[in-house]
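Asks: Numbering (the working numbering), first residue to last: 166 to 609.
Yeah, the Cβ is synthetic: ideal placement off N, Cα and C, and Gly gets one too.
Just so we're clear, the structure is a prediction, and the values are computed from it rather than from any experiment.
(1) Is residue 236 helix, strand or coil by DSSP?
(2) Pull up the CB-CB distance for residue 501 and residue 259, whole angstroms please, since I reckon it's below 8 Å.
(3) Closest to residue 555 by C-alpha separation, out of 497, 402, 313 and 464, would be which residue?
(4) Does the segment 409-428 come close enough to the segment 466-482 to have 3 or more Cβ pairs within less than 8 Å?
(5) Could you give the DSSP three-state label for residue 280: helix, strand or coil?
(6) From residue 487 to residue 388, what does the alpha carbon distance come to, in whole angstroms?
(7) Which residues in the same chain have their Cβ closer than 6 Å to the Cβ of residue 172, if we skip the five residues on either side of it in sequence?
(8) Let me know the secondary structure DSSP gives residue 252 once reduced to three states.
(9) Who are the near neighbours of residue 581 in its chain, counting only those whose CB is closer than 6 Å to its CB and skipping five residues on each side?
(10) Select from 252, 244, 216 and 512 the residue whose C-alpha is nearest the C-alpha of residue 233.
(11) Work out the CA separation of residue 395 and residue 249 for me, nearest whole Å.
(12) Taking one C-beta from the segment 528-536 and one from the segment 287-301 each time, how about it: are there three or more such pairs within less than 8 Å?
(13) Which full runs of the alpha helix (DSSP H) of 4+ residues lie inside the segment 487-573, going along the chain?
(14) I want to check one thing, is the minimum distance from the CB of residue 233 to the heavy atoms of the ligand SAH below 7 Å?
(15) State buried or exposed for residue 382, treating a residue as buried only when at least 16 other CB atoms are found within 10 Å of its CB.
(16) Could you check the C-alpha separation between residue 491 and residue 247 for me, to the nearest Å?
(17) Please report how far the alpha carbon of residue 597 lies from the alpha carbon of residue 584, in whole angstroms.
(18) If I measure Cβ to Cβ from residue 438 and keep anything under 7 Å in the same chain, skipping five residues before and after, which residues do I get?
(19) Just verifying my parser: in three-state terms, what is the DSSP assignment at residue 328?
(20) Mapping the DSSP letters down to three states, classify residue 598 as helix, strand or coil.
(21) Give me the residue from 429, 398 and 337 with the minimum Cα distance to residue 413.
(22) Name the two residues that bound the continuous beta strand (DSSP E) containing residue 391.
(23) Residues in its own chain within less than 8 Å of residue 198 by CB, not counting five upstream and five downstream?
(24) Tell me where the alpha helix (DSSP H) around residue 404 begins and ends.
(25) Round the Cβ separation of residue 411 and residue 347 to the nearest angstrom and send it over; I've been treating them as touching at under 8 Å.
(26) Which whole-angstrom value describes the C-beta separation of residue 570 and residue 579, a residue pair presumed to lie in contact below a C-beta threshold of 8 Å?
(27) Is residue 370 helix, strand or coil when you go by DSSP?
(28) When you compare only the Cα positions, how much space is there between residue 416 and residue 458?
(29) Here's the rule: buried if 16 or more other CB atoms are within 10 angstroms of the residue's CB, otherwise exposed. What is residue 162?
(30) Quickly, what does DSSP pair residue 383 with across the bridge? List them, please.
(31) For residue 391, which of 435, 321 and 364 has the nearest alpha-carbon?
(32) Residue 368 and residue 440 - do their beta-carbons sit closer together than 8 Å?
(33) Below 8 Å, how does it come out for the segment 332-346 and the segment 447-456: are there three or more Cβ pairs, yes or no?
(34) Quick check: the Cα distance between residue 227 and residue 255, rounded to an integer number of angstroms?
(35) In its own chain, which residues sit with a C-beta less than 7 Å from the C-beta of residue 354, not counting the 5 before and 5 after it?
(36) In this structure, does DSSP put residue 472 in helix, strand or coil?
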């Protein structure tokens with residue numbers, strides 16, 4: 166993690182002891198800034214305090230305001246203090262947006278809502294999440310190389326590609342187990358699928374034990390230790406508590422499902438129970454929780470693609486929480502913003518793709534009847550006329566049978582929209598856009 170240590174924020178008790186005479190000035194302060202930001206003490210240092218207040222008085226006023234409405238979580242920090250969070254107004258607005266857009270109240274574009282198109286976009290989103298989640302963990306391959314691996318069907322050729330391949334398999338596994346309760350065994354199986362072939366075999370799908378050298382989170386920049394996870398002997402019990410929390414066991418009051426999913430992500434990452442692959446597993450558990458609670462659009466969303474563009478903020482949100490009385494609000498508010506951005510990106514992508522398919526369908530209506538998969542390929546070929554296609558790449562793009570993929574391509578050859586080339590023996594037939602297709606180029 167490319168981070169510097171975060172200075173620990175002053176505690177309420179220490180500030181009250183020092184500022185008893187000025188407490189009356191602090192009544193009625195807000196837990197957030199005028200623009201709605203939930204600032205850490207280290208961010209406050211660079212701002213001017215309100216008139217008549219010192220920096221520490223200002224921080225005390227903010228901390229007192231945050232105590233009103235705080236919720237205690239079952240996650241216990243290494244300092245034996247429970248984590249807590251505050252649901253600020255900005256967070257409630259985003260939760261409403263997620264509920265409205267991701268849990269079934271809006272329809273997908275009609276060009277995408279059928280099972281074939283949905284399957285294509287699902288494959289695309291799973292691959293995107295697999296790539297970017299692995300890149301967050303240090304996989305150094307390019308997106309193009311990873312896409313070529315998936316579309317060609319070839320086996321991973323190095324550790325980075327293996328990480329991405331495992332991520333895709335792990336996410337697919339979660340999709341098929343979204344209705345199962347979370348158990349320690351299921352968490353271990355998810356980790357196993359995420360890490361096999363990238364770790365020592367003895368560490369795959371296994372919690373660290375007291376005999377292991379306990380992993381910790383360090384800064385790649387300074388070498389400082391940023392986070393010491395709980396001792397290994399506590400991990401089995403903590404994992405059981407995390408699963409109970411994820412399943413809502415023994416819940417006494419309502420906890421919004423999205424908040425529960427975010428805390429699940431945080432919990433696994435905080436405990437860091439595995440030798441490696443903790444981040445990938447934590448993000449996978451977030452997806453499991455979102456799908457379990459009916460947020461169907463998250464099958465088409467990649468949060469890691471957003472996280473990958475703001476890795477420093479992602480890391481700071483963990484450190485802010487631990488360095489300020491175990492206040493998980495920092496992580497929650499950051500993740501909600503990530504989800505909001507990912508939702509917008511998914512909506513835009515689906516809208517653009519639906520428009521492209523509709524345009525191609527209109528242009529080629531006189532040429533014959535084409536299914537969605539064929540229209541998607543033709544839309545791609547119109548934008549990239551030098552592309553090459555094979556039965557394997559078409560099969561992988563749509564998650565279909567080999568015979569179905571071959572029939573799709575041969576139908577396009579029959580209608581003069583693709584040309585086929587036969588390389589030397591033992592190699593796949595290559596399909597390329599025909600000259601006839603270029604006639605439509607100017608219209609798109």
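Replies: Quick look at the numbers:
(1) Reduced to three states, the DSSP call for residue 236 is strand.
(2) Cβ-Cβ separation between residue 501 and residue 259: approximately 4 Å, consistent with a contact (criterion under 8 Å).
(3) Distances from the CA of residue 555 to each of 497, 402, 313 and 464 were compared; the closest alpha carbon is that of 313.
(4) Contact between the segment 409-428 and the segment 466-482 is not established, with fewer than three Cβ pairs separated by less than 8 Å.
(5) Note that residue 280 has pLDDT 47, beneath the 50 cutoff, so the model's placement of it is unreliable and no number is given.
(6) Going from the Cα of residue 487 to the Cα of residue 388 covers about 19 Å.
(7) Setting aside the 5 residues that flank it on each side, residue 172 is surrounded in the same chain by 207, each with a C-beta closer than 6 Å to its C-beta; the list follows chain order.
(8) Looking at residue 252 - three-state DSSP - the assignment turns out to be coil, as it is neither helix nor strand.
(9) Within the same chain, residue 581 has close Cβ partners 599 and 601.
(10) For the set 252, 244, 216 and 512, the Cα lying nearest the Cα of residue 233 is the one of 252.
(11) Going from the Cα of residue 249 to the Cα of residue 395 covers about 18 Å.
(12) They do not touch, by the three-pair rule.
(13) Complete alpha helix (DSSP H) runs here, min 4: 494-528, 537-548 and 556-563.
(14) You won't find the ligand SAH in this model; it holds no ligand whatsoever.
(15) Counting Cβ neighbours within 10 Å, residue 382 comes out buried, since at least 16 surround it.
(16) Looking at the two C-alpha atoms, the distance is approximately 7 Å.
(17) Answer to the nearest angstrom: the Cα atoms are 5 Å apart.
(18) Closer than 7 Å at Cβ, skipping near neighbours: 372, 373, 400 and 404.
(19) Note: residue 328 maps to helix in three-state DSSP.
(20) Three-state result, residue 598: strand.
(21) Answer by Cα proximity: 429.
(22) From DSSP, the beta strand (DSSP E) with residue 391 extends over 390-392.
(23) Here the set comprises 204.
(24) Segment 400-412, the alpha helix (DSSP H) holding residue 404.
(25) Taking 8 Å as the upper bound for CB-CB distance, residue 411 and residue 347 are in contact here, some 4 Å apart.
(26) Going by Cβ atoms, the distance from residue 570 to residue 579 rounds to 15 Å, so no, they are not a contact pair.
(27) Coil, per DSSP.
(28) Distance between the alpha carbons of residue 416 and residue 458 is about 16 Å.
(29) Outside the displayed range of the chain (166 to 609) lies residue 162, so it cannot be described from this structure.
(30) Within the DSSP secondary-structure output, residue 383 pairs in a beta bridge with 390.
(31) Checking every option, the nearest Cα to that of residue 391 belongs to 435.
(32) Yes, they are a contact pair.
(33) Two segments are said to touch when three or more pairs of C-beta atoms, one from each, lie closer than 8 Å; by this definition the segment 332-346 touches the segment 447-456.
(34) Roughly 16 Å separates the two Cα atoms.
(35) Only residues of its own chain outside the window of five on either side were considered, and among them 370 have a CB closer than 7 Å to the CB of residue 354, listed in chain order.
(36) In this structure, residue 472 counts as helix in the three-state DSSP scheme.
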